[in-house]
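Notes for the one structure printed next.
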């Protein structure tokens, strides 16, 4: 064994002399070959300690060529999977990380190394460490990295932040990806790079396609919005997934997604965006494949009071069945929020038909106690979903909007204009009748 080590050292010393001569002569090809041969010798001898030492030593040589360092890092990366155990693999990755730190010409290799190290840490259950490692790298500044690889790297950063429940950092990182990047037409031919342009590297084989990355992005955003119970944003994320061609073509995939769109639309508080999405979803022809949900959405756009008990009895099984569907259950608060949305819908319906109503009658229509009806009505007024005033001593709710002086004056002016117009038309008719009678008398 000692003889073997002595032979290895002698061979390395010989190659180091060659490397020195080539480096001083500025011979790029010769230096790269000498460096490559040294690493290959260490690898074939399975001397991982010497391999790490030589990588560090060669990178620190005076006037070492950039091309030689790049070739050395790329070659050593191929040896990672051949390492005999996890400890050796981690040691090699750390050595390469140290060598590539701060060197722009090997920034892509360093990003890939950190991703591999983070994956190992995650497999060991050290999610916080893995997330911290990934956050060190800002791939959005890498000009030579392929777009899909950049997106995949950032999505990995977001996923690790969500896994460690760091929602603030997850949101900051997610904003580095614009949703418009997924709308690029991939069918267009790639332009040939002009002279002077940065050459973009091809992404590794394990990087998903742009449409697959789109699905991953929106699934991660659903996880983020689910934490805040932001139902409308969750619905918009599912809507984006629903538009992916591979999902639209497969009923087993789009039916669960369309169900989720319907549920989260209903759970979202009433506002113009929710109303617009509701109407556009109702126009979807695929909705006829799930008639129960079509009926549910129609009930929400129809200005009629919905009885909560009968609705819940009809849809309770569908609600529970959602746990077995793609995307999982709707959450612990969902059933309570669903009841809230139905109450809000009913209050809006009542405000359309009544200008004044007693609290007692309002509570009867909503199937609530007077206190509950007043509470829900007050919450809607505070959130500016509708305008109402409650006369508590009299127990009367007034839905009329209080007009300011300008509106009152404008309405008066409008009424006067209509009155004068009517007088003018009447005068014209009287004059016409008079002329007709005069003509008849002359005859």
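In my numbering, the protein residues as written are 1389 to 1831.
From the three backbone atoms N, C-alpha and C, an ideal C-beta is built for every residue, glycine too.
Neighbourhood of residue i by C-beta distance below 6 Å, restricted to the same chain and skipping five residues each side
i            : result
residue 1509 : 1517, 1518
residue 1625 : 1606, 1609, 1610
residue 1568 : none
residue 1619 : 1652, 1655, 1656
residue 1438 : 1430
residue 1410 : 1418, 1419, 1422
residue 1456 : 1419, 1420, 1423
residue 1399 : 1429
residue 1700 : none
Proximity to residue i [Cα-Cα], best of the options
i            : options                : result
residue 1738 : 1814, 1750, 1816       : 1750
residue 1563 : 1820, 1748, 1545       : 1545
residue 1472 : 1436, 1445, 1491       : 1436
residue 1565 : 1549, 1594, 1590, 1609 : 1609
residue 1506 : 1401, 1441, 1477       : 1477
residue 1644 : 1681, 1550, 1613       : 1681
residue 1590 : 1817, 1535, 1408, 1434 : 1535
residue 1367 : 1651, 1639, 1395, 1439 : This structure leaves residue 1367 out entirely; the chain is present only between 1389 and 1831.
residue 1685 : 1646, 1796, 1636       : 1646
residue 1604 : 1547, 1558, 1660, 1616 : 1547
residue 1474 : 1462, 1512, 1425       : 1512
residue 1690 : 1741, 1661, 1747, 1707 : 1741
residue 1723 : 1705, 1753, 1745       : 1705
residue 1597 : 1612, 1539, 1672       : 1539
residue 1557 : 1571, 1522, 1537, 1570 : 1522
residue 1464 : 1491, 1432, 1452       : 1432
residue 1461 : 1450, 1708, 1442       : 1442
residue 1759 : 1553, 1595, 1778, 1828 : 1778
residue 1735 : 1552, 1711, 1698, 1776 : 1776
residue 1492 : 1454, 1617, 1479       : 1454
residue 1561 : 1774, 1670, 1549       : 1549
residue 1449 : 1427, 1425, 1412       : 1412
residue 1748 : 1781, 1414, 1772, 1721 : 1781
residue 1771 : 1659, 1451, 1822, 1404 : 1659
residue 1452 : 1415, 1820, 1466, 1803 : 1415
residue 1663 : 1617, 1773, 1827, 1707 : 1773
residue 1698 : 1709, 1754, 1711, 1661 : 1754
residue 1721 : 1797, 1617, 1819       : 1617
Sequence-distant residues of its chain with Cβ nearer than 7 Å to residue i (five each side left out)
i            : result
residue 1575 : Unreliable positioning characterises residue 1575 in this predicted model, as indicated by a pLDDT of 48, which lies under 50. The coordinate reading is nonetheless provided below. Closer than 7 Å at Cβ, skipping near neighbours: no residue.
residue 1763 : none
residue 1688 : 1654, 1666, 1733
residue 1634 : 1599
residue 1642 : 1630, 1635, 1636, 1674
residue 1496 : 1530, 1532, 1533, 1589
residue 1823 : none
residue 1795 : none
residue 1555 : 1612, 1615
8 Å Cβ shell around residue i - same chain, five flanking residues per side excluded
i            : result
residue 1582 : Bear in mind that a pLDDT of 49 at residue 1582, under 50, signals an unreliable position, so the model cannot answer this.
residue 1499 : 1525, 1527, 1530, 1533, 1541
residue 1504 : 1468, 1481
residue 1817 : none
residue 1668 : none
residue 1434 : 1472
residue 1703 : 1680, 1684
residue 1743 : 1786, 1787, 1788
residue 1444 : 1483, 1486, 1487
residue 1489 : 1498
residue 1440 : 1479, 1480, 1483
residue 1814 : none
residue 1470 : 1431
Anticipated Cβ contact below 8 Å, residue i with residue j, distance rounded
i            : j            : result
residue 1543 : residue 1601 : 7 Å
residue 1447 : residue 1487 : 5 Å
residue 1458 : residue 1494 : 6 Å
residue 1757 : residue 1783 : About 13 Å separates the two Cβ atoms, so there is no contact after all.
residue 1595 : residue 1671 : About 37 Å separates the two Cβ atoms, so there is no contact after all.
residue 1502 : residue 1552 : No, residue 1502 and residue 1552 are not in contact; Cβ-Cβ is about 17 Å, not under 8 Å.
residue 1425 : residue 1403 : 5 Å
At which residue ranges does the segment 1646 to 1714 contain complete alpha helix (DSSP H) runs of 4 or more residues, listed in the order of the chain? 1660 to 1670, 1679 to 1689, 1696 to 1709
How do the segment 1802 to 1812 and the segment 1755 to 1775 stand: do at least 3 beta-carbon pairs fall below 8 Å, yes or no? no
Only counting runs of 4 or more residues, tell me where the alpha helix (DSSP H) segments fall wholly within the segment 1721 to 1763, in order along the chain. 1722 to 1741, 1747 to 1754
How about the segment 1692 to 1699 and the segment 1623 to 1642: do they share at least three Cβ pairs that are nearer than 8 Å? no
contact_flag[the segment 1670 to 1685, the segment 1786 to 1803] where n(CB pairs < 8 Å) is 3 or more: no
Take every Cβ of the segment 1718 to 1732, pair it with every Cβ of the segment 1646 to 1665, and state whether three or more of those distances are shorter than 8 Å. yes
Length at least 3, wholly inside the segment 1468 to 1520: the beta strand (DSSP E) runs in chain order: none
Every unbroken alpha helix (DSSP H) inside the segment 1778 to 1830 [4 residues or more]: 1793 to 1830
May I have a chain-ordered list of the alpha helix (DSSP H) segments no shorter than 4 residues that lie completely inside the segment 1393 to 1461? 1416 to 1432, 1436 to 1448
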